[in-house]
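J.:
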Amino acid sequence: MIASRRVVLAALAAGALAGCDRPGRPGSPGRPGRPGSPGSPGSGGRIASAPAGSHAPGTAPTAAPSPGSRVTGPTTSAVPTAAPVLTRAQVVVRYGHLRPHTWGFGGPGVIRDLATARRVIALTFDACGGPGGSGYDSALIGFLRRRRVPATLFLNSRWIDANPAAFAQLAAEPLFEIANHGTRHLPLSVTGRSAYGIPGTRNAGQVYDEVATNQAKLGRLLGVPPLFFRAGTAYCDDVAARIVADMGDRLVSFSVNGDGGATFTPGQVRSTVTAAPGGSIVLCHMNHPESGTAQGIAAAVPYLLASGYRFVRLCDELRVD
Ligand SMILES: [Zn+2]
């Protein structure tokens, strides 16, 4: 899978894949739900009870943005332009002895916004999967389709398994970019650190597994591996971030917590998203149809369009040069 990614990156560099449309994506399977949203738990099974990946409401760590808040700070840092072929054993040898120094939504190479002040916004929707997190917000996706609003969908392996038909449909639509939201939806740690009560991966080998297993699955289903990875809960430490970069994936966080882990009311989603500045990466969820996300997005998008903003997939703005 990593080897094939190199081919894809080379093709992108050569302009062979315009935009990030994947020509002739083979029909693929579905995708999972959304636990672990930054900012608040919730989501997926709204957290507390949702094992995998959700942010438990009210448990947001200090690093987590409060509803409506934005994460400021460094923007995109160095991003790998080539994908070295790394095995799990190599990852363990290279990173197994390193201790992390940071924990949060940033880190080496982590993309937190589009690095532009132009009026472009990337709407991203996580599908975290797992118990309570494998729902499918068809109203939200239907709205995006009707308004032709591009978006990047971060899909967890469990969500894909639970929603094969929906996945196949979404994967065939150039309007949507499919991205990797992990295999078990775990915070990305080399020491087992937790986020929102969800224990993270415990070592470098598990970081590799969390990323590579779903990456390989998506590569098989889509025909080409996805370009972007977001950890369950969006939390990572600096060693894990280096591992992801070394694996040739681009680790994405967010700058605007659009739905508070699918716990926001429609009004909160609307006010938060409409306040997003140009260059924002907005994080919301597509696995909680009972949440206020769809209604809030449906209210925010027309306002932003009328204000001169346009929406992009991550691959539209964050091209591999
Ligand atoms: Zn998630």
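Its first residue numbered 11, the sequence shown is counted upward by one per residue in the working numbering. Idealized CB from N, CA, C, for every residue including glycine.
(1) Of the residues Ser290, Gly143, Pro287, His107, which one's Cα is nearest the Cα of His191?
(2) Quick check: the Cα distance between Val103 and Ala255, rounded to an integer number of angstroms?
(3) Alpha carbon to alpha carbon, how far is Ala226 from Pro235?
(4) In angstroms with no decimal places, state the Cα-to-Cα distance between Leu293 and Leu324.
(5) My output table needs one value for Val283: the three-state DSSP class, helix, strand or coil.
(6) Might you give, ordered along the chain, the residues of its own chain that have their beta carbon closer than 7 Å to the beta carbon of Pro372, omitting 5 neighbours on each side?
(7) Should Phe263 go down as buried or exposed, given a rule of 16 or more other Cβ atoms within 10 Å for buried?
(8) Pull up the distance between the alpha-carbon of Gly210 and that of Asn267, whole angstroms please.
(9) Write down every uninterrupted run of the beta strand (DSSP E) in the segment 172 to 230 whose length is 3 residues or greater and which is fully enclosed by it, in chain order.
(10) Please identify the residue among Ala205, Glu327, Leu180 whose C-alpha is closest to the C-alpha of Phe135.
(11) Measure from the alpha carbon of Leu124 to the alpha carbon of each residue in Ala316, Pro287, Cys246, Leu154, then state which is nearest.
(12) I need the DSSP call for Gly119, collapsed to helix, strand or coil.
(13) Round the Cβ separation of Ile131 and Phe321 to the nearest angstrom and send it over; I've been treating them as touching at under 8 Å.
(14) For Cys325, report the span of its beta strand (DSSP E) as first-last.
(15) Measure the C-alpha to C-alpha separation of Arg129 and Leu198 and round it to an integer number of angstroms.
(16) Between the C-alpha atoms of Pro110 and Arg329, what's the straight-line distance to the nearest angstrom?
(17) With a 10 Å radius around its C-beta and 16 neighbouring C-beta atoms as the bar for buried, classify Ser317 as buried or exposed.
(18) Give me, in chain order, the residues of the same chain whose beta-carbon lies closer than 7 Å to that of Thr284; leave out the 5 immediate sequence neighbours on both sides.
(19) Would DSSP call Arg260 helix, strand or coil?
(20) Buried or exposed for Val217, going by 16 or more other Cβ atoms inside 10 Å?
(21) Can Gly242 be considered in contact with ligand 1, in the sense that its beta carbon sits closer than 7 Å to one or more heavy atoms?
(22) Look up Thr162 in the DSSP assignment and say whether it is helix, strand or coil.
(23) Is Thr243 closer than 8 Å to Asp219 when the C-beta atoms are compared?
(24) Are there any heavy atoms of ligand 1 lying less than 7 Å away from the beta-carbon of Asp259, as far as the coordinates show?
(25) Should Cys138 be listed as close to ligand 1, given that the test is whether its C-beta is under 7 Å from any heavy atom?
(26) Name the DSSP beta bridge partners of Trp113, please?
(27) Which same chain residues end up closer than 6 Å to Phe153 when comparing Cβ atoms and leaving out the 5 residues on each side of it in sequence?
T.: The relevant details are as follows:
(1) In the sequence shown, residue 191 corresponds to position 181, counting from 1. With distances taken between Cα atoms, His191 lies closest to Gly143.
(2) Position 93 of the sequence shown holds residue 103. Position 245 of the sequence shown holds residue 255. Between Val103 and Ala255, the C-alpha separation is close to 16 Å.
(3) Taking the first residue of the sequence shown as position 1, residue 226 is located at position 216. Taking the first residue of the sequence shown as position 1, residue 235 is located at position 225. Looking at the two C-alpha atoms, the distance is approximately 7 Å.
(4) Looking up residue 293 in the sequence shown gives position 283. Looking up residue 324 in the sequence shown gives position 314. Going from the Cα of Leu293 to the Cα of Leu324 covers about 12 Å.
(5) The residue you call residue 283 lines up with position 273 of the sequence shown. Note: Val283 maps to helix in three-state DSSP.
(6) It is not possible to answer for residue 372, since the shown part of the chain is limited to 11 through 331.
(7) Translated into positions along the sequence shown, residue 263 becomes position 253. According to the sequence provided, residue 263 is Ser. The question's Phe does not apply to it. That one is buried.
(8) The sequence position of residue 210 within the sequence shown is 200, counting from 1. The sequence position of residue 267 within the sequence shown is 257, counting from 1. Each residue's alpha carbon lies about 21 Å from the other.
(9) 186 to 190
(10) Mapped onto the sequence shown, residue 135 falls at position 125. Phe135 has its Cα closest to that of Leu180, out of Ala205, Glu327, Leu180.
(11) Against the sequence shown, residue 124 aligns to sequence position 114. Considering only alpha carbons, the answer is Pro287.
(12) By 1-based counting over the sequence shown, the position of residue 119 is 109. Residue state, collapsed to three classes: coil.
(13) Here the question's residue 131 lines up with position 121 in the sequence shown. Here the question's residue 321 lines up with position 311 in the sequence shown. Sure, about 6 Å apart at Cβ, within 8 Å.
(14) Sequence index remark: in the sequence shown, residue 325 carries index 315 (1-based). That residue, Cys325, is in no beta strand (DSSP E); its alpha helix (DSSP H) goes 324 to 327.
(15) One-based indexing of the sequence shown puts residue 129 at position 119. One-based indexing of the sequence shown puts residue 198 at position 188. Near 31 Å, if we compare the C-alpha coordinates of Leu198 and Arg129.
(16) Counted from its first residue, the sequence shown places residue 110 at position 100. Counted from its first residue, the sequence shown places residue 329 at position 319. In a straight line, the C-alpha of Pro110 is about 29 Å away from that of Arg329.
(17) What you label residue 317 is simply residue 307 of the sequence shown in a count that begins at 1. By the 10 Å Cβ count, Ser317 comes out exposed.
(18) Here residue 284 refers to the residue found at position 274 when the sequence shown is read from its first residue. Only Ala310, Tyr313, Leu314 meet the Cβ criterion.
(19) For this step, residue 260 is matched to residue 250 along the sequence shown. In the structure shown, Arg260 sits in a strand (DSSP, three-state: E or B).
(20) For this step, residue 217 is matched to residue 207 along the sequence shown. Looking at its Cβ environment, which holds 16 or more other Cβ atoms inside 10 Å, Val217 is buried.
(21) Within the sequence shown, the letter at position 232 stands for residue 242. Because some heavy atom of ligand 1 lies under 7 Å away, the Cβ of Gly242 counts as near it: yes.
(22) Here residue 162 is taken as the residue at index 152 of the sequence shown, counted from 1. DSSP places Thr162 in strand when its eight states are reduced to three.
(23) By one-based count along the sequence shown, residue 219 stands at place 209. By one-based count along the sequence shown, residue 243 stands at place 233. Not closer than 8 Å, so no.
(24) Within the sequence shown, the letter at position 249 stands for residue 259. Answer for Asp259: no, Cβ out of range of ligand 1.
(25) Looking up residue 138 in the sequence shown gives position 128. Indeed, a heavy atom of ligand 1 lies less than 7 Å from the Cβ.
(26) Taking the sequence shown and counting its residues from 1, one reaches residue 113 at position 103. Asp247, per the DSSP bridge assignment.
(27) Reading the sequence shown from its first residue, position 143 is the one you call residue 153. Only Ala308 meet the Cβ criterion.
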